[in-house]
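Okay, structure first, notes after.
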Amino acid sequence: MRIEPVNESTCIVYFGDQISDETANLVRQATATIRRTMADVVTDLVPSYTSVLVCYDLERTDRFGISSRLRRALEQEAGDTAVETTSQVLELPVYYGQEVALDLEDVCEFSGLSRDDVIRTHSEQTYRVYAIGFSPGFAYLGTTDPRIAIPRKSSPRLRVPSGSVGIAGSQTAIYPSATPGGWQIVGRTPSKMIDWESESLALVQVGDRVKFRAIDREEFIELGGQFDDA
Amino acid sequence: MMLEILHPGILTLIQDLGRYGYQHMGVTTGGPMDEHAFLWANRLLGNPLDAAQLEITFGGLSLQAHSDTWIALTGADLGAHINKRPVRPWRTYSIARGDRIDFSAPLTGLRAYLAVSGGIQTPSKLGSRATVSREGLGALDGAGAKLAKGDRIPIGKPTPITDTSVPYSDIPDYDKPLRLGVVPGYQYQHFSQSARARFFSGEYEVSQNIDRMGYRLTGEAIRCDLDGIVSEGIAYGAIQIPADGQPIVLMKDRQTIGGYPKIGSLSALGAGQLAQRGPGALVSFYPIDVADAEARRLIFNQRLRKGPPGIGK
Chain S
64 MRIEPVNEST CIVYFGDQIS DETANLVRQA TATIRRTMAD VVTDLVPSYT
114 SVLVCYDLER TDRFGISSRL RRALEQEAGD TAVETTSQVL ELPVYYGQEV
164 ALDLEDVCEF SGLSRDDVIR THSEQTYRVY AIGFSPGFAY LGTTDPRIAI
214 PRKSSPRLRV PSGSVGIAGS QTAIYPSATP GGWQIVGRTP SKMIDWESES
264 LALVQVGDRV KFRAIDREEF IELGGQFDDA
Chain C
2 MMLEILHPGI LTLIQDLGRY GYQHMGVTTG GPMDEHAFLW ANRLLGNPLD
52 AAQLEITFGG LSLQAHSDTW IALTGADLGA HINKRPVRPW RTYSIARGDR
102 IDFSAPLTGL RAYLAVSGGI QTPSKLGSRA TVSREGLGAL DGAGAKLAKG
152 DRIPIGKPTP ITDTSVPYSD IPDYDKPLRL GVVPGYQYQH FSQSARARFF
202 SGEYEVSQNI DRMGYRLTGE AIRCDLDGIV SEGIAYGAIQ IPADGQPIVL
252 MKDRQTIGGY PKIGSLSALG AGQLAQRGPG ALVSFYPIDV ADAEARRLIF
302 NQRLRKGPPG IGK
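So the sequence lines, in the order shown, correspond to chains S and C.
Residue numbers for the first sequence follow my numbering, beginning at 64 and rising by one.
Residue numbers for the second sequence follow my numbering, beginning at 2 and rising by one.
The following block contains the structure:
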């Protein structure tokens, strides 16, 4: 663990340099610990693959205070083997039909697999939520089967419809809202990834596991799926 | 109790201090691009320091008061007029029902703040009234819509004040060449000695590509040993160096995580000074210790809370 200052009210804690399940577990555990024990000084937390950015209130603590409290809280936690973090496995329905899978043909060409094989490969894996960012509720999931790990589009779309499920290299993600974006779109989920009216807001959290379930057109419509969310 | 928008101007947004506590869900903070000017506007009126205001970029805004109140103007001088009488920023004005306030174009700086006694009372979403249009949060409707002609902005009950102004020594000169302190951090170790030297000795120009998300600068290209990094949280004021070597300073509406190497970070007050510069302005950087940034902010906070605003004109 490495704690480094960023500016007068922010520091970053690194738990490793490489993306791994083990590092992701440390990040997840640290985020929970900081949230639970340091709410009096911490204003915001940004967990990612290997690090947690910690924003704090300079009126209540300073660079020494924050790092000693972080160290104490996180080292104590690390020694405490009783701490178990449970992660939910969330099943997300995805319609991989032609009219919404804007780049599925390209993935077939890239992988040499048939449509059905690409769909099966994408949906048989259980993914982990490594980070949430870019836009509200945008979850970075990893890791895809190397055969379908197609790079980002060379020029991003100006508008990716909301609910779109995309692939970028070893990552896959769902666009919670219509935004510009360069991921290769293979399907669309009718599930709402972010709901401003709900308590938890985002459907998934860092550390959760996600599995996609292929659904047909009929079920997509039944679950409230939209073909054009203009 | 409201202000009516007669003309929304180029970019006028409702901002409070920002939306905190949701960055782990990818929700950016938003908030005022220039905290120095924003905080002083609330301070002049005796408002809570996070009371919502109008952030007026470039000018062109016209509005009419539908009740008697007090306002404070701070930040850029955008050629404001009250009932066709020219007025200056960094002080309070008494406003009568029916008064009209117009902003023309920047004379100095880029972003003006108009605070009103009792604050703007639009719906709060996730604990904040800050507008982030990209995320559909804030604004009059709570869903990030642009202000439009005829919009009626609810405001709080005014608290009587004596006319005051910001102490002369706390009024920044936005025309002066900008030298900003950078706290080295993040991937700083991955920039070579000569890259760092170039960064701290060169002069950068503010490009045309500036918005609430980031400020792109042009100048001496800086290279990093790393192509990219594992995506990580981005602080307000962080300086990204993408492959072309041209720095991008990340501002209030920044994405919460990103994968470009960063050489360090500005302080919030430093980023706020940059936010008052438009295309063509020159900026240079020098390294500071985090202790330095901390001390400056605490001194600012102290002056803001306890310092006497100058009385009268």
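The C-beta atom is built at its ideal place from N, Cα and C for all residues, glycine as well.
Here the structure is a predicted model, which is why all the values come from computation and not from measurement.
- Between the alpha carbons of S:Val249 and S:Ser227 lies a gap of roughly 8 Å.
- At least one beta carbon of chain S lies nearer than 7 Å to the beta carbon of C:His25.
- One finds Leu121, Glu122 in chain S with Cβ atoms closer than 9 Å to the Cβ of C:Asn302, taken in chain order.
- Of all residues in the segment 282-302 of chain C, only Val291, Ala292, Ala294, Glu295, Arg297, Arg298, Leu299, Asn302 come within less than 8 Å of chain S when Cβ atoms are compared, listed by chain position.
- For S:Ser72, the number of other beta carbons within 10 angstroms of its own is at least 16, and it is reported as buried.
- One alpha carbon belongs to S:Arg91, the other to C:Gly76, and they sit about 41 Å apart.
- The Cβ atoms of C:Thr123 and C:Arg112 do not sit closer than 7 Å to each other.
- Residues of chain S whose Cβ lies closer than 8 Å to the Cβ of C:Gln16 do not exist; the shortest such Cβ separation is about 17 Å.
- S:Thr113 sits close to S:Gly79, with the two beta carbons spaced by under 7 Å.
- Taking 8 Å as the cut-off between beta carbons, the residues of the segment 230-249 of chain C near chain S are Val231, Ser232, Glu233, Gly234, Ile235, Ala236, Tyr237, Gly238, Ala239, in sequence order.
- According to the DSSP assignment, S:Asp107 belongs to the beta strand (DSSP E) that extends over 105-110.
- Taking 7 Å as the threshold, the shortest C-beta distance from S:Gly244 to chain C does not fall below it.
- In this structure, the beta-carbon distance from C:Asp142 to C:Ile6 does not fall below 7 Å.
- Going by beta carbons, C:Val183 and C:Gly265 fall inside the 7 Å limit.
- The Cβ atoms of C:Asn43 and C:Ala116 lie closer than 7 Å to each other.
- Identification of chain S residues near C:Tyr187 by a Cβ-Cβ cut-off of 9 Å yields Glu67, Val69, Ile75, ordered along the chain.
- In the three-state reduction of the DSSP assignment, S:Phe290 falls in the coil class.
- A contact is defined here as three or more CB-CB pairs under 8 Å, and the segment 239-258 of chain C fails this definition with respect to the segment 90-101 of chain C.
- Check the Cα spacing between S:Glu67 and each of S:Asp169, S:Asp271, S:Val117, S:Ser111: the tightest is with S:Val117.
- At least one CB of chain S lies nearer than 7 Å to the CB of C:Glu136.
- Taking 8 Å as the Cβ-Cβ cut-off, the segment 79-113 of chain S approaches chain C at Asp80, Gln81, Ile82, Thr94, Thr106, Asp107, Leu108, Val109, Pro110, Ser111, Tyr112, Thr113, given in chain order.
- Taking the Cα of C:Met214 as reference, the smallest distance to any Cα among C:Thr93, C:Met34, C:Phe104 is reached at C:Met34.
- Counting the other CB atoms within 10 Å of its CB gives S:Lys274 a total below 16, which places it among the exposed residues.
- S:Ser186 is outside the set of residues whose beta carbon lies under 7 Å from a beta carbon in chain C.
- With a beta-carbon spacing of about 7 Å, C:Leu270 and C:Glu36 fall inside the 8 Å limit used to define contacts.
- For C:Tyr169, the closest Cβ of chain S is not nearer than 7 Å.
- Within the DSSP bridge table, the entry for C:Trp71 names C:Ser95 as partners.
- Chain C places a beta carbon closer than 7 Å to that of S:Ala265, counting this residue as a contact.
- C:Ile230 sits away from C:Ala196, with the two beta carbons spaced by 7 Å or more.
- As far as DSSP is concerned, C:Ser208 takes part in no beta bridge.
- In chain order, Pro243, Gly244, Gly245 place their CB closer than 6 Å to the CB of S:Pro219, counting only its own chain and leaving out the 5 sequence neighbours on each side.
- Using a Cβ distance threshold of 7 Å, C:Gly61 and C:Gln277 do not count as a contacting pair.
- Under the three-state reduction of DSSP, C:Phe286 is assigned to strand.
- Remark: C-beta atoms of S:Pro224 and S:Ala241 approach each other more closely than 7 Å.
- In this structure C:Tyr287 is exposed. Its beta-carbon is surrounded by fewer than 16 other beta-carbon atoms within 10 angstroms.
- Taking all protein chains shown into account, S:Leu137 has 16 or more neighbouring C-beta atoms within 10 Å of its C-beta and is therefore buried.
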